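There are 4 protein chains.
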Amino acid sequence: MEVRLIAYTPQPELTIAAAARLSTTNSKATELLDRMTPERANALIDRLLTSGHLSPFEHASFTFGIDGISRATSHQLVRHRLASYTQQSQRYVSVKQLSYVTPRSIEERPELLDRYRQAMAANHGLYREMLQAGIPAEDARYLLPNAVETRLVMTMNARELMHAASVRLCLRAQWEIVHLFEQIKIEVDKVAPRIGAELKPKCFMQGYCDEAETCGLLPTLN
Amino acid sequence: MEVRLIAYTPQPELTIAAAARLSTTNSKATELLDRMTPERANALIDRLLTSGHLSPFEHASFTFGIDGISRATSHQLVRHRLASYTQQSQRYVSVKQLSYVTPRSIEERPELLDRYRQAMAANHGLYREMLQAGIPAEDARYLLPNAVETRLVMTMNARELMHAASVRLCLRAQWEIVHLFEQIKIEVDKVAPRIGAELKPKCFMQGYCDEAETCGLLPTLN
Amino acid sequence: MEVRLIAYTPQPELTIAAAARLSTTNSKATELLDRMTPERANALIDRLLTSGHLSPFEHASFTFGIDGISRATSHQLVRHRLASYTQQSQRYVSVKQLSYVTPRSIEERPELLDRYRQAMAANHGLYREMLQAGIPAEDARYLLPNAVETRLVMTMNARELMHAASVRLCLRAQWEIVHLFEQIKIEVDKVAPRIGAELKPKCFMQGYCDEAETCGLLPTLN
Amino acid sequence: MEVRLIAYTPQPELTIAAAARLSTTNSKATELLDRMTPERANALIDRLLTSGHLSPFEHASFTFGIDGISRATSHQLVRHRLASYTQQSQRYVSVKQLSYVTPRSIEERPELLDRYRQAMAANHGLYREMLQAGIPAEDARYLLPNAVETRLVMTMNARELMHAASVRLCLRAQWEIVHLFEQIKIEVDKVAPRIGAELKPKCFMQGYCDEAETCGLLPTLN
Numbered sequence: 000m001e002v003r004l005i006a007y008t009p010q011p012e013l014t015i016a017a018a019a020r021l022s023t024t025n026s027k028a029t030e031l032l033d034r035m036t037p038e039r040a041n042a043l044i045d046r047l048l049t050s051g052h053l054s055p056f057e058h059a060s061f062t063f064g065i066d067g068i069s070r071a072t073s074h075q076l077v078r079h080r081l082a083s084y085t086q087q088s089q090r091y092v093s094v095k096q097l098s099y100v101t102p103r104s105i106e107e108r109p110e111l112l113d114r115y116r117q118a119m120a121a122n123h124g125l126y127r128e129m130l131q132a133g134i135p136a137e138d139a140r141y142l143l144p145n146a147v148e149t150r151l152v153m154t155m156n157a158r159e160l161m162h163a164a165s166v167r168l169c170l171r172a173q174w175e176i177v178h179l180f181e182q183i184k185i186e187v188d189k190v191a192p193r194i195g196a197e198l199k200p201k202c203f204m205q206g207y208c209d210e211a212e213t214c215g216l217l218p219t220l221n
Numbered sequence: 000m001e002v003r004l005i006a007y008t009p010q011p012e013l014t015i016a017a018a019a020r021l022s023t024t025n026s027k028a029t030e031l032l033d034r035m036t037p038e039r040a041n042a043l044i045d046r047l048l049t050s051g052h053l054s055p056f057e058h059a060s061f062t063f064g065i066d067g068i069s070r071a072t073s074h075q076l077v078r079h080r081l082a083s084y085t086q087q088s089q090r091y092v093s094v095k096q097l098s099y100v101t102p103r104s105i106e107e108r109p110e111l112l113d114r115y116r117q118a119m120a121a122n123h124g125l126y127r128e129m130l131q132a133g134i135p136a137e138d139a140r141y142l143l144p145n146a147v148e149t150r151l152v153m154t155m156n157a158r159e160l161m162h163a164a165s166v167r168l169c170l171r172a173q174w175e176i177v178h179l180f181e182q183i184k185i186e187v188d189k190v191a192p193r194i195g196a197e198l199k200p201k202c203f204m205q206g207y208c209d210e211a212e213t214c215g216l217l218p219t220l221n
Numbered sequence: 000m001e002v003r004l005i006a007y008t009p010q011p012e013l014t015i016a017a018a019a020r021l022s023t024t025n026s027k028a029t030e031l032l033d034r035m036t037p038e039r040a041n042a043l044i045d046r047l048l049t050s051g052h053l054s055p056f057e058h059a060s061f062t063f064g065i066d067g068i069s070r071a072t073s074h075q076l077v078r079h080r081l082a083s084y085t086q087q088s089q090r091y092v093s094v095k096q097l098s099y100v101t102p103r104s105i106e107e108r109p110e111l112l113d114r115y116r117q118a119m120a121a122n123h124g125l126y127r128e129m130l131q132a133g134i135p136a137e138d139a140r141y142l143l144p145n146a147v148e149t150r151l152v153m154t155m156n157a158r159e160l161m162h163a164a165s166v167r168l169c170l171r172a173q174w175e176i177v178h179l180f181e182q183i184k185i186e187v188d189k190v191a192p193r194i195g196a197e198l199k200p201k202c203f204m205q206g207y208c209d210e211a212e213t214c215g216l217l218p219t220l221n
Numbered sequence: 000m001e002v003r004l005i006a007y008t009p010q011p012e013l014t015i016a017a018a019a020r021l022s023t024t025n026s027k028a029t030e031l032l033d034r035m036t037p038e039r040a041n042a043l044i045d046r047l048l049t050s051g052h053l054s055p056f057e058h059a060s061f062t063f064g065i066d067g068i069s070r071a072t073s074h075q076l077v078r079h080r081l082a083s084y085t086q087q088s089q090r091y092v093s094v095k096q097l098s099y100v101t102p103r104s105i106e107e108r109p110e111l112l113d114r115y116r117q118a119m120a121a122n123h124g125l126y127r128e129m130l131q132a133g134i135p136a137e138d139a140r141y142l143l144p145n146a147v148e149t150r151l152v153m154t155m156n157a158r159e160l161m162h163a164a165s166v167r168l169c170l171r172a173q174w175e176i177v178h179l180f181e182q183i184k185i186e187v188d189k190v191a192p193r194i195g196a197e198l199k200p201k202c203f204m205q206g207y208c209d210e211a212e213t214c215g216l217l218p219t220l221n
């Protein structure tokens with residue numbers, strides 16, 4: 000898996016803070032942005048988070064190139080609807096070199112791992128034969144397993160990133176999507192550390208765990 | 000594939016028409032709805048469509064039970080973001096009986112069909128073995144092919160249904176999702192024929208085809 | 000102000016519960032809905048709320064006729080973006096009879112109330128003269144105060160209703176929109192009491208107040 | 000009215016084009032972006048527009064500071080739901096200096112203009128008195144007319160900008176919001192001329208007018 004921030008709103012934290020200031024002052028956005036300092040932005044962002052006033056975080060967007068996640072995970076990812084996705088098509092792009100994801104639970108069991116790999120190779124072999132026999136790629140791909148890698152471009156604003164991370168960094172989430180959001184957090188940390196710091200599991204925000212089966216990191220409510 | 004309308008806004012067309020009337024009259028919504036007749040609703044709906052004034056169509060929602068589509072198709076379906084989905088989880092529900100979709104292009108080729116079926120059975124066999132060997136369902140499913148069937152509940156309002164159908168009933172769309180929207184149209188036709196009549200490919204709305212590779216049904220622009 | 004539920008998804012709570020069941024069982028939505036009882040639906044809804052699994056609540060929609068709120072309040076209301084609105088137009092519908100909202104703080108001060116009423120009448124008088132002098136309604140309305148009443152049709156699903164109520168039933172919210180959501184809650188209570196019970200201020204959900212200036216009903220975090 | 004682009008996705012057109020390429024090739028987003036040239040981006044954008052494949056345009060966002068539009072216009076603007084807004088609050092910011100918008104139809108009639116100005120001053124005078132008499136700003140503002148100026152920060156992606164402009168640059172739209180989108184177009188033209196060129200009334204896209212009362216610029220369908 001490789002996650003790269005390919006574009007983002009410049010000065011994301013200053014932009015968020017300037018927008019937030021606008022609602023309670025009598026100044027123009029351009030002036031507020033010119034006068035905003037990183038220190039004041041951080042203080043304002045703290046206050047927005049404490050009071051649950053999250054809409055100004057929508058003014059900063061982040062665009063990621065995401066390569067090498069499984070279709071199992073991309074199917075979950077695109078369920079976040081307040082975001083934009085452009086995904087590599089299995090209808091138009093035929094899978095020449097097979098790349099696939101292997102869960103660690105299988106990787107640790109040599110006898111299962113061997114059979115997993117053989118199954119992947121066999122499936123891909125038949126897929127390739129189907130293509131050669133004239134079956135369209137959009138039909139032959141019905142053979143391809145969930146493990147097969149895909150790539151996509153995803154744009155999310157900071158508010159939705161915080162929400163998605165709160166759900167997907169939970170240790171009860173599926174391990175591959177946890178890993179994806181860890182990579183996303185690393186990328187955001189580089190350019191917007193104050194926002195990056197808010198990419199964390201929901202239990203850290205709530206102070207307790209609300210999962211039916213807890214991982215035990217934080218206490219449940221009863 | 001089985002598609003059933005399991006719930007919808009009662010009197011969807013009257014509700015849409017009453018809402019539309021409200022914007023240009025000085026009457027209460029309840030009165031407008033009481034006085035609305037199917038004939039006047041149809042006339043109003045015609046006018047809304049002609050002038051591209053589509054927001055009143057959002058007041059009528061349709062909830063479908065969708066069974067037996069492939070994961071290939073569900074992955075496309077959930078890309079329509081102005082809708083609500085609840086999907087059967089491959090993390091929590093293990094696949095005991097294998098049900099899968101077979102593309103017609105493969106079905107028509109006996110020698111390929113045999114091998115397709117064998118590949119499905121082999122994959123499912125290994126999946127079952129993995130479960131018995133203690134691999135969690137959420138990891139074993141990496142083996143499952145795109146063809147495996149899923150089910151979901153989907154709620155879409157009439158405006159988004161018209162949009163999604165315009166894109167997905169295009170003969171250039173993927174055949175399984177075309178079939179899905181044909182079934183959706185059949186269900187809507189039963190309870191809201193005026194809306195059902197608007198579930199049609201985009202070329203019927205535009206009067207021309209804008210696809211890079213046309214199916215030839217309607218002329219392209221040049 | 001008059002708020003009337005004019006349409007809604009029939010059996011909203013059973014529909015939500017059946018959809019939620021689908022994600023973790025191997026049954027069709029139609030069967031799950033047929034077998035669902037109010038008791039089991041309530042138990043399931045409890046579990047969804049405890050674990051913050053809110054997406055199934057999107058499958059039930061509620062459509063309200065809202066009459067006699069001020070334009071000050073409608074401007075706030077339409078900021079909830081996950082909903083559908085059709086509003087009476089001040090461009091196309093000229094205001095013949097003046098109806099306007101009076102804040103209680105002004106109503107309780109007879110000397111101010113008199114002048115408030117006179118100002119409303121004077122503004123409306125000039126507005127009417129402008130219309131007669133040939134000024135288009137869409138321009139004459141620049142004179143009309145925030146207090147002038149409007150009406151609209153609003154459709155929201157149960158998930159967004161719970162969110163909007165959590166913010167708008169807070170006693171720190173603007174009094175007229177608090178009143179609006181109290182009326183909405185009364186309407187929902189009649190047909191979906193389990194959902195109606197969840198229309199409550201955010202502090203009741205969180206167990207604490209996160210407002211900068213608390214009303215004192217529940218303790219703040221520090 | 001003053002509209003300023005205060006932040007935007009850098010290289011918006013290259014980003015859109017690289018994302019679009021990803022769906023039909025087998026390369027990483029970072030590589031596609033590195034290799035993209037303005038010429039190839041323009042050619043790709045042409046093709047996306049011709050085929051109605053608009054989702055890649057969502058990867059570029061634009062954030063505007065908007066000052067001095069009337070509350071009449073801001074109420075219309077925020078109806079575009081696929082965007083983010085932070086608006087100056089009339090609840091928390093009291094209106095000390097009265098700034099208001101005057102429609103040209105009134106400006107051209109000296110006798111009406113005088114009375115318009117007097118009405119604005121009288122309203123604002125009473126508003127100020129109310130504040131001094133202890134009425135909260137959130138209640139006193141019920142007196143303030145639609146004409147009173149507001150300011151906001153708005154973020155919209157390129158896809159929604161094209162849609163909103165298609166509706167709001169129509170000469171049948173309300174003149175102040177037409178003017179707002181003309182300013183928005185001027186700002187976008189400076190940094191993303193290819194996208195700016197697509198900010199145009201819907202009739203230019205469709206080739207005909209679908210308004211009930213046409214302005215006559217382009218022919219209607221019958």
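Residue numbers (numbering that gives the first Met the number 0), protein chains in the order written: chain A, 0 to 221; chain B, 0 to 221; chain C, 0 to 221; chain D, 0 to 221.
By construction, the Cβ of each residue, glycine as well, lies at the ideal position given by its N, Cα and C atoms.
Model, not experiment: these values are computed from the prediction.
Asked	Found
Using 8 Å as the limit for Cβ to Cβ distance, is C/E12 near chain B?	no
What are the residues in the region 37-50 of chain D lying within 8 Å of chain B by C-beta distance?	R46, T49 and S50
If you count every other CB in all the chains shown that lies within 10 Å of the CB of B/L111, and 16 or more means buried, which is it?	buried
Considering only residues of the same chain and omitting the five flanking positions on each side of C/L17, which have a CB-CB separation below 7 Å?	Here residue 17 of chain C turns out to be Ala, not Leu, going by the sequence shown. Here the set comprises A28, L31, L32 and M35.
Taking only three categories from DSSP, how would you classify A/R108?	coil
Considering C/T85, what are the terminal residues of the beta strand (DSSP E) in which it resides?	S83 to Q86
At 7 Å on the CB atoms, spell out the chain C contacts of D/Y91, in chain order.	Here the premise fails: no neighbours, minimum Cβ distance about 11 Å.
Quick check: is the beta carbon of B/Q87 nearer than 8 Å to any beta carbon in chain A?	no
Which one or two residues does DSSP pair with A/S60 in a beta bridge?	A/N156
May I ask you to list the residues that DSSP assigns as paired with A/L4?	A/F63
Residues of chain D with CB under 7 Å from B/E210, in chain order?	S50
Residues bridged to C/V177 by DSSP?	BP columns for C/V177 are empty, so no partner.
To which residues of the same chain is C/A191 closer than 6 Å at the C-beta, ignoring the five residues directly before and after it?	P11 and E12
Roughly how many angstroms separate the alpha carbons of D/L21 and A/S88, rounded to a whole number?	9 Å
Taking a Cβ distance cut-off of 7 Å, strictly less, list which residues of the region 162-186 of chain D are near chain C, in chain order.	Q173
State the Cα-Cα distance for the pair C/A118 and A/A163, rounded to the nearest angstrom.	50 Å
Report all residues from its chain with a CB closer than 6 Å to the CB of A/T72; omit the five preceding and five following residues, and keep chain order.	E175 and I176
Do C/S83 and B/S83 have their CB atoms nearer than 8 Å?	no
Let me know if D/G206 comes out buried or exposed under the rule of 16 or more other beta-carbons within 10 Å of its beta-carbon.	exposed
With B/I125 and A/R114 assumed to form a contact (beta carbons below 8 Å), what rounded beta-carbon distance in angstroms separates them?	A quick correction: the sequence has Leu, not Ile, at residue 125 of chain B. With a Cβ gap of about 6 Å, B/L125 and A/R114 count as contacting.
Can you tell me which of the three DSSP states A/I183 falls into?	helix
Can you list, in chain order, the residues of its chain whose CB lies under 6 Å from that of B/E137, leaving out five sequence neighbours each side?	R90
May I have the straight-line CA-CA distance separating B/E128 from B/Y141, to the nearest angstrom?	13 Å
Whose C-beta lies closer than 8 Å to the C-beta of C/I222 among residues of the same chain, with five residues either side of it excluded?	Past the boundaries of the shown model lies residue 222 of chain C; chain C is included only from 0 to 221, so the question cannot be answered.
From A/E57, A/H58, A/V100 and A/S50, pick the residue whose C-alpha is nearest to that of A/D66; which is it?	A/V100
In whole angstroms, what separates the C-alpha of D/T8 from that of D/L151?	19 Å
If you check the beta carbons only, do D/F56 and D/L4 fall under 8 Å apart?	no
Pairs of beta-carbons, one from the region 154-171 of chain A and one from the region 196-205 of chain A, closer than 8 Å: are there three or more?	yes
Relative to the C-alpha of A/N145, which candidate in A/V2, A/M155 and A/H123 has its C-alpha closest?	A/H123
Residue range of the alpha helix (DSSP H) that B/M35 falls in?	Note, B/M35: premise wrong, no alpha helix (DSSP H); not H, not E.
Which residues in chain C have a C-beta closer than 8 Å to the C-beta of B/I5? List them in chain order.	T14, A17, A28, T29 and L32
Kindly indicate the opening and closing residues of the alpha helix (DSSP H) around C/Q89.	Neither: C/Q89 is in no alpha helix (DSSP H) and is coded neither H nor E.
Residues bridged to A/L151 by DSSP?	A/I65 and A/Q86
Nearest chain E C-beta to C/P55 closer than 8 Å, yes or no?	No chain E appears in this structure, whose protein chains are A, B, C and D.
Going by C-alpha to C-alpha distance, which of B/R193, B/V147 and B/L217 sits closest to B/R158?	B/R193
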